[in-house]
Structures are given as structure tokens and as C-alpha cells.
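In this note's numbering, the protein residues as written are 178 to 1443.
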Amino acid sequence: MLPKGPYQPQTTEEEILDFWLKNKFYSPEYKSQKELSTTNDENRETFSIVLPPPNANGNLHLGHMSGYVYQDLMGRYYRMKGKKVLLLPGKDHAGILTEVVFEKELEKEGLSKKSLGREEFYKRCYDFCIKNSENARRQERNIGLSADFDRELFTLDPKIVDEVLKAFELMYEDKLVYRDKRIINWCPRCQSALADIDTEFKDSVSPFFYFKYGFLDPEIDAIKIKNDFSQMDEVKWIFERSSSPDGKEIYPFAVGTIDGGYQIETGEMIVHCIGYDNEKLIKGDVIVGKPYAIMMRLNKKFSLILSNPKFDGDLDKELTKLWKVAESKKRDAGIHFIKFEDFPEDKYYTNGFVLGTVRPETKFGDTALAVDPDDGRYKDFVGKEFEVKTLLGTSKIKVIADNAVDESFGTGMVKVTPAHSPEDWDIAKRHPDEAFPEKQVIDFNGKMNHLAGKYEGLSVKEARKVMLQDMKTNGMLVYLDENYENRIRICERCKHPIEPLISYQWFVDTEPLKKEAKRLVEVGLTEIMPEGKKKTYLQWMESQEDWCITRQLWWGYRVPVWYKGEHSQYITETGEVKEKIGDKVINNPEDYEGLIYVGHDNPNVPQIYLIPGKHGYMSRKIFPEIVEKYPNAVTAEIENIDEPSQEDYANGLKEYDLKNSVIIAHSMGCSAIINYISEKNIPIEKLVLIAPKLIFKEKDKAKRYTKMLEDLRFDKLKTLVKELVIIYSDNDEHVTLEDINESIKKQLPYAEYALQKDADHFATPKLDIFPQYLWKLLENQNKYGEISVLRHGETEYNKLGKFHGITDIELNQIGEQQAQNAIEKLDSNYDVIITSPLKRAHQTANIVNEKLGLEIIENELLKERNFGNLEGLTWEEFTDKHPEEASKNNIDFQPALEKGESIEAVEKRVEEFIDWLRKSGYKNPLIVTHAGIIRIFERKLNNLTPEQSRENDPKNLELRNYSLNKPEWIQDEDVLDTWFSSGQWPYLTLMVKEGDFEEFYPTQVMETGWDILLFWVTRMMLLNPYRAKKLNTDATDEQIVPFKDVYLHGLVLDKNGVKMSKSKGNGIDPFEMMQKYGTDALRYSFVKGNSAGQNYRLYEEKVSSNRNFCNKIWNASKFVLFNIEDSADKLINSDRSELEFTQDDTEMLEHIDNLIEETTRRLDEFKFGIAADELYESFWHYFADIYLEKIKTRLYTKDREGNPINTSDEEIKSRFAAQWLILYSLETYLKLLHPFIPFLTEKIWLSLPKREEEAETIMYSNWPES
RNA sequence: GGGUGGUUAGCUCAGCUGGUAGAGCAUUCGCUUGACGUGCGAAAGGUCACAAGUUCGAAUCUUGUACCACCCACCA
């Protein structure tokens, strides 16, 4: 029975949600009692939707929710239809967005990205996302999304990361991913390349420069006009037209011809008038006025501005008005006004190419001038080279013709700056014959570089200002239009203006992928709804250029690319952007050969395989230790390891790709691996054989061993194994050490081997004998060895807490004692002592050397930092003088020094020292120096951040060790574009759980907002088919598409049709609506009456009316339940055919049949809005309002007075039929409504008398059939 | 410049395999006892933007026009 009173969504939803979650109904693997009792369902058809992952760092908004509602509604529908349904949820790391948000978060704590260091930043950002996504996850559950949350994935889950990087590797192999330089959007603040979609536009008013660059002067006519008119007080002119060209508006000025027909070469002279009354102009008249200014368009159109002598208003104001009208008619930025009084023609109008630009600072990067090929003005110049005057002297520049240039805009002549304008880059590409060298004049920080001459070092903005002055003084400036309106591309996240720059990046060659993606949609394997969006999709596939997939961020997938040596991009003397790897400059793609390694395993640590011996002795003891230290080490799994045969080994090893790996084998594993690699010809980087003889205990076997050493295909091994290491113990009484030595030396002159004299047991040699040796063996780079760094002992200044950098003070007694004590701690295997020349260090060196007896070398580079004016100050004095610096405790980086040495200089000095040391040949020097220098060692050789190195200050005589080795391969710092991973989302998510891909790919539907069709859906269509095909080259087209249907829902707008957004404050909080009206009501509001691709407005009244509908269902259900209560059991066991129905009943039955058919059809064809409408109408206005009202009297058993009624046989039968029918109808309605109104329908369903064949939840009930 | 969608009751929107216009909200009038006032019964309100065409018949199909959104590209 249902409780009395109106429907209370909150309590019901909580209860039902708990019921669903507890029983794991959302899992596709869930089997209802109904299913368990019937036949097996192994062949159930699947229905899967991969849910678009919201950003992991934020809350859900209405947009997410409306998507979930549609996805869930489909999921619930097909689940009831008996399909195995998977709704797969996820969260997206949302690269740059999250990075910027999290950086702001850090700022609040007074931290920065750089101070944390990459690893720590990533870790914290990860935690930040995980924490933030909890909220979203809870919200997803609360709205009743029946997704399998146990499968939920984050784009940075390790398994996903693996797969994403694998995609990069595969595409690199297939040459679909390549490295190249290209003009890209660069955000100088984010220090990252950005895709067009990561940028937006901002309207701006920027000064538009007309400046002269050589010869031609189209303004000569303007001068003529001025000369003709400026001296005249009055001119007469005949008015010709009184309305605007479109015949509508009357302007406060008119257009006409000069009395007498003033002609310039191209035709009639246009005149604008100000200060005349319209009436007069409309009728047409002869007007007398004073020439006042010229409106000049640089494509040789000039208008004379004529003012009414009697006009006493503000002429300049009228002029501005005039300009606005002129401009609104046609965006024609070539227009400007020049008042006669401001017309100093003698100064500006001489020979020259006049160019218009808002970005004069890029002119240093000009490589040509381009004109419209149809532009008669410049015809004679095309193809010729000119020497022109510039701000930095003169330069040669060629004129070319290109269709991108619009003759009517500006001066019809464009400077071509390939390095700083995408359009110009295209022009340059179209004219390969002119061989444009790109000239980059702005660096990656947005500052002018060496090519900008005296402007070097200025920011773009500053440079523009200075150039304006310079152009003015040297007469280059023709005109400055201060009111020019343009749009500036800015960074979507940080709003900083974008600088188009040339840069080396990784790109996806989209051409072949696009072709495929286009075809799959064209042949209809993936359908897009609404139909109209298909065209948008296909057009994108035709127009999109190659896709830059690298971003210079830390948050995301670090590119699985390694360079052989340091790599950097730089700008050459001539302004060309070049890339350098190690010492090699890349001039063409072939130069990358051998310098790039693509793969997400660290190439500096080769793959290590561990081959256990019989009984797995080593694999239980030492192998785990190796694995802990080298996580990429893999222990080979061998069957029957207690009694393995060579076949067992061969079978086990088959699983692994041993090529070029490091192999450590023990005992019987040794012979097995030798046999295996010799047979298969597998090249091996390093082979370590541990105790190879130990399997031969007895004498005859030992003899066989020596024999075997000879038989072990040594000659073959030599060709396969680069480095062979043998470790064995020697206390086998049957074989002498010399025998073995001799044997090895004879056979394997290239092998390195270790002898262990004290191994106490054959089969398990003392376990601690190996590791130290082993680690050394495994270090790939051991070229430079280790250094040990010692801080000097205490001085009086130390004791007093005074700054002393270069102040040369001797050790005090404590200091000397400290040095004495330290002697004990020092190893004896140093080869030299290198010390700072300052006394405290050298003294320390002398003391410790009493025992070591080594050569001591002084090196100036090791001196402590010069603290300048701080030298000798105590900390207290320093605090008084520089309270702010002191409170930050950051004297290391921003000292309040007036003199002294900057921290950068110290860093440079230490780097120089490290370099010197590497070249010196010393393998294990002891270095005595100062705390400030040791901090730099920590940063340079231990990768600590400045903050960390300060917290980690060394004490007197503290010894620290560092490795001087540089890794040979250095990983690319960049991360991949977020869309590169989300573009593979269906594939990735289904690859994580074994079997999912086979079962659920392709998914049925991709449901998302139409606004991200071009961002996301297109990219999924590019990447998923590719990967699916890679997985199975025999896959058919049907099997490679990521989804069969794309359903694009509309965007949610507010009541006034404005897109909801936080900044506008017009957003409705979905969770507030849910609280107030119930989740079901809100869900229904997203669907009812809406259609695909159409934006829809959501407002409270809609939700409240749907709440009313829910309440109606609730009340009608109460009525039904109350009236069937007495015969519930009988009803569910009755056969419909035995009942006697009235006319009303038959109509109701027909109605229901129709409704079932209609609803099913509508859902099948994705017309959810219509289905919801019809259900609403039918339930409320037919079932409740008409049918229930009609049969009420048949159901009552008592009249108003309480006397029994409906007692005759016939009446009882009729009542029973009615009871049966209202129960049947209600059941049917609940099922049909369940996908739309999940909570309420479940609540009522659970209260209904349960039929045998039905499931324990409406979620798995049978979809009604008519 | 290229493209897409929209124009239907006061408001927000459905309806478009062609057959005398629909819903919610708002408005007006009337309803107090048996599921429900978050309700019930009724009413009023539209030459379905405009024009032409196809058709026995057009909101629905075709063409064109206007206006309003939006998307893509470009803006030297």
C-alpha cells in the first residue's frame, strides 16, 4: 500500500536509489530472478552507451544532466526489452582547463607550478581531480543514472594512459603522427600551443597603422582634391539622391555630384553633407557648402565632406556619426577621414607602398608583399623585388599576387609575415617558388627578439607604442586609424592574447583518417541525428587540417617520445625556427633518424626479464628485490617450475618479447634461455647468468657442465648477446675455479664475470652476494660515476648566524673537530679531492685528507655565493633591513642584494663545474664546498625545486652523493591534447575490462550535445575505427565504427533563450530543482516535447507542471491499489480472455494497445519528446480523467450510506473485469513511463501484486507488447 | 564568404510518411465530502512569417523572399 497524501519525492527517491544500488541492478552482468529462472541469456543482445565524461574537476550542471537523462532513458528502455545494457561512466582530466584551475588553487596556498616540480604537481592535481569528482559522482547516482559505476574510469587511470600512449606509438609507426614545424596558436602566458578550439575571440579597438613601405601613393588624388578645395569658401553642388542605397533610411547627409561634374580618374566624386536639414535634401536642391574634410578609402575612392555654412553644431561629432553609418553599411576599414586642417601632404604623401596593419611589430618578419592578382594598381609591381625603407634601415622585398588578398580592403596590399600570421603562412606555402624563409621576430615569451633590432626585448605592446613614435618622426606613418575594430584571438582559459608562432610540435596526419570517417557516415554505418548535423560533420571532414596534438603543459599524458640528448627549439640569426637534438640540428625529417624513440617505456632502462631456475629459488628471493628497484622487470612464468623441461621454458618464454632486453637467468634458467635465444635468433642487450653450474652437483654431472660450457653455442651467443655476465660460486669440489675461469676466458673473452669464494650452498648461493654487483650491472649509463659532496666545518660566522659568502673565515675549533670526526664516515675509494678555495673548505679538505692521502685540487667555481652588502650581517640585522625578504626566507632566489652575485650566476657557475667534472675523467671525486653550492647540486643533480633544496639544507660535514650521469634518452616535456584521449574514449573504456570490447563494441548510441559534435564526435570517428582495425585487421566496417547512432540533444537555455552560464548567473541549479520538485519531474522536463538537436528552454514552471504529473500518477495508483486490494491474488492469476469487458473496457484496452505500439515506435526512432508527450496525455487525460471516472461506480462496494452495492453475480463479474483492467493498465503505464520517470514508477511497481513471470524490479520487467 | 536551424494560441514549444490545428504555462467561468485543489469540469484564444508552385486537398512537399538564432572560415 502506498502512504496517503501527495507524492513525496525526496524520501521515495532515497529509498529506491538505495534499493537499486544495493542490488547492483546497473551492472550488465546482473541477472534478474526472472532471467535466472528462464533460459540462459548468454546470447542476449547488448546495448551499450559510453557516457561522455564530464570534467573531473567540477560539478555537474544542467547540460550534463540532460545528457544523462537521455542516455539513461535509452538504457532503461533497452534493459526492459531484454538487452544486456551497459552505460559506461567516466571522468575527463580536461587538460588545460584543469591545469589553469589548479594553478589558481595553488596560488591561494602561495605555491606555484614550478615550485612544486612536475611530479608533485601532477600528484596533487590528480588528487584534486579525484576529490572534486566525488561530488559529480554522487550527483550522477542521485539523478538515477543507471550506469555501471563499478566500471567507472578516469582518463588518467593507468590502464587508460597505457592505451592512449599506445595509440601514439601505433600512429607513429604508421606515420600518422609526425613531428614538424608549423604556425600554431601560442599562449605566452600558458607557454603552450593551443588548438583553434582552445582559443576564442575578443572584440577590440586597436590602432590600425597605414604606413609606407617604398613607392606607390594612391593618396595622390586626395592631395589633388584637397588642393582643389581647401582654399574655397563655398562650392555649389546638385543634390542627387536622398536615401540610402537600399532605399530605406534617410541619412542626415546625402550623396550627390558636384555642380559641374567634378571628375577624378575613376569616375564621379562622391560628396557627403553635414549640417543640412533632411527635408531639403529629400526634395533635391542645389546646396552651397564649405569643403571641410575628405573621406578617403585607400582603394582610390574619395568623398568630399561638405558642411553647411550655417550649421552651428559640432562638425567633428557629425563627422564621427557619418563614419559610423558609412562603416555599418559595409565593413570597410579602408575608410578614414582627414580634415583639411590635419592634412600635411607635403610630409606624408610621397612615393611608397602603403600598407595597413594592426600589428606593425611583425613587420620585421615580412618576407614579401602580396596583392590581389586582379588589382590593376599594383599589376606592374608583381614579381619584382624592391628595396624599401624600413624602421631598421632598408631591405629588399618582393611583390607577389595571391587571391587571399582583397583588393578593396585597406590598401589592397598586404605584408606577408609567415611566422606570425596563419594566413600569411598559407600564402607563403602557396608560393614555394619565392622560397620564403620564415622570419620569427617574436619569441616564445611574447617579446621582440634580435631581429627586431633596437626593439629587441620589448613586449609586443611596448614595441608597437615605440614604433608608432618612430614611424611618426621618420615619416613612415601615413595615417593612424584609432578606432579600428577587430577581433583578437585570446586563450580560452587565461584570456591572454594569442601569438601565432612557428613551432615544432607533434601532429596527426588526419587525411586518411578523415577519409575513412567520412565514408563510414556516408554509407550509413554511423547515423547522425538530427539529419541536418550530418552535413556539418561531413564538411568538417573535408576542411580540417592536420591536428596539433602536443600541449606544453604538465597535466595530461606525457608524450611517449624520447630524444637522444637535450632537445630544444630556438630562433636562428636569420629568424628561422630550428630544433636541436643533442648537438644535431634538424634540417629535414630524415634528420630525426635515430634521435627519436617512441614508446612509453623508458628507453634508458631496457626491459629486464628474470628467468627463474628450477624450484624458482632466485625468483622467490632476489627477483622480487630486482622488481622493486626496476619496476619494468618481469619475472617469466614457467609451468612446472619444480620439474621444468626445456619445453616448459620455451612455452613460458614465448609470451615475452625478449628482443634487445636485459635477461637475468638463474641456474637451470641459464641453459634454457641460451637454448631459446640461440634457436630463435633473438638479439639480447645484456645476459646475466647466475650460478649456471649449480644444477650439477655430482662429479660426472660437473664434467658434463664443463662440456656444456663448451657446447653452449658460444659462437652463436657472441653474435646475439652484446654483453654477457656470469656470476657463479666456486666451492664445487669437483670443478676447480681455475677450470671454470680458464674455460670462460677461452670461450668468452668478452664476458664479464664475478667470482664468489664463499657461497655456502650450491643451489642457493648466498643471496647477499649479488645485489650490489647486480645493481651496478643494470645501470645503463655508468659513464661518469658518482661524486660525494661534503660541506665544510663550522666557523665563527656560522656560530653567530652571520651571512658569509666570500668572506674568508677559518674554521673554529668545533669546525676542526667536526672534520676530524667525519674522517671515519668516509669511504676510501675516492680518486681526488676538489675543494672551494675559501679557507673553511680547504681546511676541511686538508683534515679529512689526513687519512685519505689524495691530491687536493682547488676550483674557483665551488666558491660560496657572494652576498655583497649582506656579508657579515646577522640574521636579525638582515630581518630589520629587509623584513619582507626575511619573512619569505627566500634569500636564495630574490635577495635584497645591491651588490653580490645573483642566484642565476651561481647556478651557471655550478653547471659549469659539473660540466668540467664530467670531462675531467675523475670517477669518484670528493668535493668540499658550501651550503649554497650544495643546494644548487640538489637542484641540478637531484631535481629538487628551489623550495625543496632550501628545506633540505646540509649541516656541517654532511656528506651527500650524486650521480653525474645524464640519461641518454630524454623524454619530451609535452603532454597530449585532451581530445586525443577522449577521441578514443569508446575504444579505451571497453579495452580496460577483459571481454568488454568483444561484447560491447561498437556501442549503439553516442548521445551528446550538438555543440560538441565537431570537437568530440568527429575525433572519435577519426581514431576509434583506426584502433579497432589495428586490433583486428579482418574487422568489417560494421565492427570498427565506435557507435551506430549519434543522437545530439539540444542545449539547455534559460527562460529567455540565453545559454546558461555561471558568469551570466542565469543558471538553474539542477539539484535545487530536484530538491524542490523531485528528480523525476526534472528528468521529465528535459525530455517532454523536445526534439533532437533543438535547444530548449528550461524554467521552473515546466518542472513544477511535471511534478504535478508525477503526483497524478501517484494518486491514480493509490486509487487503483485501494480498489483491487480485496482480489489482488485472484487478479494476477486471471486470464484476460475469461473476463467480461464492457464497451468502456474495450476502448481502454484498445487505447492501451495503441499507446504501447506508439511509445515503442517513438522510442525506437529516437522521438523521445513525442513519446513523453503522448504518455502524459494518455495517462492523465484518458486513463485518469475518463476511464477511471467512468468505472468508479463499478468498483465501489458500498454506497454513501454504507450499504453494500454491486452484489449481484453480474455486477461482481463486471467489477472484477474493471479491477483487472485498471491493474493491467497501471502496470503497463508504469513500464512505459519507467524510462522517463524511474523512481516513482519503481516505487509503485514494488507495491503492486507481483506476477510470477515478472522481475523483482521494474528495471528488468518485461516491456509491454500490444 | 560558406553552412545549419528557426518563424505555429499571450508566453514556451510539439506536430512535417499532406486530409478540417495540439500541449504546458497564463487567462475567463464553474466545482467543498469517497485517488488527487500539485485537483475536476468547461471556455476563450491561431487565415501555422510572406509569396509562388505541386495537389481534389499544404502548417506539412518544391522554389523564392524577409526576419531571428547559431556554427565554420576570414578580418592584412
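We put the beta carbon where it would ideally sit given N, CA and C, even for glycine.
Asked, Found
"Can you tell me the Cα-Cα spacing of I1333 and L1398, whole angstroms?", "15 Å"
"Report buried or exposed for K1344, applying the criterion of at least 16 other Cβ atoms within 10 angstroms of its Cβ.", "buried"
"Whose CA, out of S855, Q997, E190, M1325, lies closest to the CA of A1258?", "E190"
"In chain order, what residues of the same chain lie with their CB nearer than 7 Å to the CB of I1382, ignoring the 5 residues before and after it?", "Y1373, T1374, K1375, D1376"
"At the level of alpha carbons, what is the spacing between E1171 and F224?", "17 Å"
"Per DSSP, M590 forms a beta bridge with which residues?", "V548"
"Check each candidate in I1309, L1400, A344 and name the one with the smallest Cα separation from F1299.", "L1400"
"Taking the straight line between their C-alpha atoms, what separation do you get for A810 and L787?", "7 Å"
"Going by alpha carbons, who is nearest to E1429 out of C306, K1307, R607?", "K1307"
"Would you mind working out which of T188, R221, L342, K201 sits nearest E1176, comparing C-alpha positions?", "R221"
"With a 10 Å radius around its C-beta and 16 neighbouring C-beta atoms as the bar for buried, classify V1235 as buried or exposed.", "exposed"
"Is it the case that the Cβ atoms of L568 and G490 are separated by a distance below 9 Å?", "no"
"Relative to the C-alpha of N1292, which residue among Y1273, I1309, W1357 is closest?", "W1357"
"Out of curiosity, what's the CA-to-CA distance linking K836 and E770?", "20 Å"
"Any contact of the segment 1383-1392 with the segment 1260-1269, i.e. 3+ C-beta pairs under 8 Å?", "no"
"For H627, which three-state DSSP category applies?", "helix"
"Given a cut-off of 9 Å, decide if I320 and Y245 are closer than it, judged by their beta-carbon atoms.", "yes"
"Taking the CB atoms as reference points, tell me whether L901 and S855 lie closer together than 9 Å.", "no"
"So K1367 packs on D1330, CB below 8 Å; how close in whole Å?", "Actually they are not in contact, since the Cβ atoms of K1367 and D1330 sit about 18 Å apart, beyond 8 Å."
"Inspect the beta-carbon positions of Y254 and W1440 and report whether they are closer than 9 Å.", "yes"
"Mind listing, in chain order, the continuous beta strand (DSSP E) runs of no fewer than 3 residues lying wholly within the segment 957-991?", "963-968"
"Quick check on this structure: which residue in Q1181, V1264, S1282, N779 has the alpha carbon closest to the alpha carbon of P1163?", "Q1181"
"By how many angstroms is the C-alpha of I773 removed from the C-alpha of L944?", "Note on L944: pLDDT 46, under 50, position unreliable in the model; the coordinate value appears next. Straight-line Cα distance between these residues: approximately 39 Å."
"Residues in the same chain with beta-carbon distance under 7 Å from L830, minus the five sequence neighbours each way, listed in chain order, please.", "A813, Y853"
"With H, G and I counted as helix, E and B as strand and the rest as coil, what does DSSP make of F563?", "strand"
"Quick one: Cα of E669 to Cα of T376, how far?", "5 Å"
"Using a Cβ-Cβ cutoff of less than 6 Å, which residues in the same chain neighbour W602 once the five nearest sequence positions on both sides are dropped?", "I360, P595"
"Cα separation between D304 and K494?", "60 Å"
"Applying the 10 Å Cβ sphere with the 16-neighbour rule, what's the burial state of K798?", "exposed"
"Where does the unbroken beta strand (DSSP E) through G570 begin, and where does it stop?", "570-578"
"Look at the alpha carbon of A1395 and the alpha carbon of F1318, and state the distance between them as a whole number of angstroms.", "8 Å"
"In the DSSP assignment, find the alpha helix (DSSP H) that holds K1251 and state where it starts and stops.", "Before going further, note that residue 1251 is Met rather than Lys in the sequence given. Here the alpha helix (DSSP H) through M1251 covers 1247-1254."
"So, for N660: in the same chain, excluding its five sequence neighbours on each side, which residues have a beta-carbon less than 7 Å away from its beta-carbon?", "V382"
"Determine the burial state of H673: buried for a count of at least 16 other Cβ atoms within 10 Å of its Cβ, exposed for fewer.", "exposed"
"Using C-beta distances below 8 Å, list every residue in its chain close to E1135, excluding the 5 sequence neighbours before and after it, in chain order.", "L967, R968"
"Excluding the five sequence neighbours on either side, which residues of its own chain have a C-beta within less than 8 Å of the C-beta of V1087, listed in chain order?", "L1038, I1110, I1113, F1114, K1117"
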